[in-house]
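Chemist:
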Amino acid sequence: MDDQARIMQSIGGVSLAGHSVQGGMPLPPPHGHDGTDGDGRKQDIGDILHQIMTITDQSLDEAQAKKHGLNCHRMKPALFSVLCEIKEKTGLSIRGAQEEDPPDPQLMRLDNMLLAEGVAGPEKGGGSAAAAAAAAASGGAADNSIEHSDYRAKLTQIRQIYHTELEKYEQACNEFTTHVMNLLREQSRTRPISPKEIERMVGIIHRKFSSIQMQLKQSTCEAVMILRSRFLDARRKRRNFSKQATEILNEYFYSHLSNPYPSEEAKEELAKKCSITVSQVSNWFGNKRIRYKKNIGKFQEEANLYAAKTAVNAAHAAAAAVQNSQANSPTTPNSGSSGSFSLPNTGDMFLSMQSLNGDSYQGAQVGANVQSQVDTLRHVISQTAGYNDALAGNTMYSPHGLNANGGWQDATTPSSVISPTEGPGSVHSDTSN
DNA sequence: CAAGATGATTACCG
DNA sequence: CGGTAATCATCTTG
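When we follow my numbering, the leftmost residue of the first sequence carries the number 305, and every step to the right adds one.
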């Protein structure tokens, strides 16, 4: 009885006294008589509930004051937890089991794609730095690489936008979450809101935000796809290499006809010389080998042309080399590229050449380096030494190096010079004059 | 414009 | 991964 009276009084007093809650604190009596008056407590609760129910009927000030009074009531914690429990139970029954959704497959797909495209995830080699480097490296180089760096730059742009947006979303999400959490915590003083419910609310917010994120990811994916397709289209729109580039490539090809497989370094050098990429060099050689092999006849003229061309250089070099080797002992064969090289023993050379004339050239009898010299020198000899008659058929440039199967002989055989197996045909006119 | 040339892409192979 | 073969798509030429 005493309690109730106090509450009533305090509430009344508070409401009347506006916000002066000084004496309104409904503190329990110093010597709490716990459990002494169960009836009184029931009455207590009934009364509180009544007040809660009628709180909306009152004016704002009144309600505010009463709220505070209720908030400070000693029964409040118990009532709070009970109400929370009730709410929890009804809430759970309403929400049912639709919680704990598994990871969205579509979201995973988007994530994977963004990761694969290098938009999401760690900055892999193709960042803005790489794009800039590519652009710098190809200064004035082929359009292809320019387009490539352009693509990279655009991709980087997309990546940046994506990341800033994502960050924005995340920040907004966090801000909103903390805001809501504070709000709910604040409200939990007057409303039955359990921590668990706050947690759940946070989860709901996160899900909402992740659905927004998914939209972002989706549109980013779309952007990447569009960029990609455009880039591929652009790449399809090829342009022929410059005349000079084709010249250089052809020169290399025909001067290495027996083994037209430039090494990685050679490719790089050719790429640099031709202002194209290494992969373009690879493409070119791939195409060239195939097309040459497919229709050797068609390439005869070209072959002769380039052979003659390189032969001029070779002749000069050879002459110089011969002069040198006349003075000194024969130098060791070095790289067969259009640099300086030493002539091998003429007899051996003719032996190999003779074997080359046959269609069934089995295996490179000479090292690749020597072989390449042979390729270029054949014309010199054929023209200077009247060797035409000995050449097979009417073709000046027979497809030596190609074996019967149509594949190029693996000219990486050791450079030990082996003379042709048997010699019925070795009646080579030894023109070693 | 049709045909051929040519650079790039793709599938497949060892 | 580098090679071949087939094919595509565009450029060049007559």
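We put the CB at the ideal spot given by N, CA and C, even for glycine. All values derive from a computational prediction rather than experimental measurement.
Kindly indicate which residue of GLU366, LYS391, LEU553 has the alpha-carbon position closest to the one of ILE580.
Modeler: Ranking GLU366, LYS391, LEU553 by Cα distance to ILE580 puts LEU553 first.
Chemist: Taking buried to mean at least 16 other C-beta atoms within 10 Å of its own C-beta, is VAL616 buried or exposed?
Modeler: VAL616 should be labelled exposed.
Chemist: Which whole-angstrom value describes the C-beta separation of VAL386 and VAL528, a residue pair presumed to lie in contact below a C-beta threshold of 8 Å?
Modeler: Not quite, the Cβ-Cβ distance comes to about 55 Å (not below 8 Å), so this is no contact.
Chemist: Would you kindly work out how many angstroms separate the C-alpha atoms of LYS380 and GLN347, rounded to a whole number?
Modeler: Rounded to whole angstroms, LYS380 to GLN347 spans 14 Å at the Cα level.
Chemist: Give the single residue among GLU421, GLU479, PHE384, ARG493 whose Cα lies nearest to the Cα of ARG750.
Modeler: Residue numbering for the chain in the displayed model covers 305 to 737; residue 750 lies beyond these limits and cannot be assessed.
Chemist: Just reading off the alpha helix (DSSP H) that VAL582 is part of, what are its end residues?
Modeler: Note, VAL582: alpha helix (DSSP H), 582-598.
Chemist: Just to check my reading of the structure: MET518 and LEU411 have Cβ atoms closer than 8 Å, yes? What is that Cβ distance to the nearest angstrom?
Modeler: Their Cβ separation, rounded to whole angstroms, is 5 Å, which keeps MET518 and LEU411 in contact under 8 Å.
Chemist: Distance, Cα to Cα, GLU490 vs GLU469?
Modeler: Computed Cα separation, rounded: 31 Å.
Chemist: Exposed or buried, what is ALA369 when buried is set at 16 or more other beta-carbons lying within 10 Å of its beta-carbon?
Modeler: Buried: at least 16 other Cβ atoms inside 10 Å.
Chemist: Would the beta-carbon of PRO566 fall within 8 Å of that of PHE603?
Modeler: Going by C-beta atoms, PRO566 is not nearer than 8 Å to PHE603.
Chemist: Evaluate ALA435 with the Cβ neighbour count: other Cβ atoms within 10 Å of its Cβ, from every protein chain shown; 16 or more gives buried, anything less gives exposed.
Modeler: Low confidence applies to ALA435: its pLDDT is 42, below 50, so where it sits in the model is not reliable, and the reading given next is rough at best. The residue in question, ALA435, is buried, as its Cβ has 16 or more Cβ neighbours within 10 Å.
Chemist: Give the range of the alpha helix (DSSP H) segment to which LYS576 is assigned.
Modeler: Run containing LYS576: 568-578, per the alpha helix (DSSP H) assignment.
Chemist: Short of 7 Å in beta carbon distance, which residues of its chain neighbour PRO496, apart from the five on each side in sequence? Order them along the chain.
Modeler: The answer, listed in chain order, is PHE384, LEU387, CYS388, LYS391.
Chemist: According to the Cβ coordinates, are LYS521 and LEU418 closer than 8 Å?
Modeler: Against a cut-off of 8 Å, the Cβ pair of LEU418 and LYS521 comes out as a contact.
Chemist: Give the single residue among LYS597, ALA612, HIS483 whose Cα lies nearest to the Cα of ASN563.
Modeler: For the residues LYS597, ALA612, HIS483, the minimum Cα distance to ASN563 belongs to LYS597.
Chemist: When you compare only the Cα positions, how much space is there between ALA741 and PHE513?
Modeler: The requested residue 741 is not part of the displayed model; the chain covers only 305 to 737.
Chemist: By Cβ distance below 7 Å, which residues in the same chain neighbour GLU555 in space, the five residues on each side in sequence not counted?
Modeler: Correct list, in chain order: TYR610, LYS613, THR614.
Chemist: Please name the residue, chosen from GLN355, ASN587, ARG511, ARG413, that lies closest to HIS377 on a Cα-to-Cα basis.
Modeler: Among GLN355, ASN587, ARG511, ARG413, the Cα nearest to that of HIS377 is on GLN355.
Chemist: Under 8 Å by Cβ, that's how I've got ILE516 and VAL484 pegged, so tell me the actual separation to the nearest angstrom.
Modeler: About 16 Å separates the two Cβ atoms, so there is no contact after all.
Chemist: For ALA607 versus TYR558, is the C-beta distance shorter than 8 Å?
Modeler: Yes, they are a contact pair.
Chemist: Taking the beta carbon of LYS472 as the centre, do at least 16 other beta carbons fall within 10 Å, making it buried, or is it exposed?
Modeler: Exposed, because fewer than 16 other Cβ atoms sit within 10 Å of the Cβ of LYS472.
Chemist: For LEU487, count neighbouring C-beta atoms within 10 Å of its own C-beta (all shown protein chains included) and say buried if the count is 16 or more, exposed if not.
Modeler: Exposed.
Chemist: For HIS620, count neighbouring C-beta atoms within 10 Å of its own C-beta (all shown protein chains included) and say buried if the count is 16 or more, exposed if not.
Modeler: Exposed: under 16 other Cβ atoms inside 10 Å.
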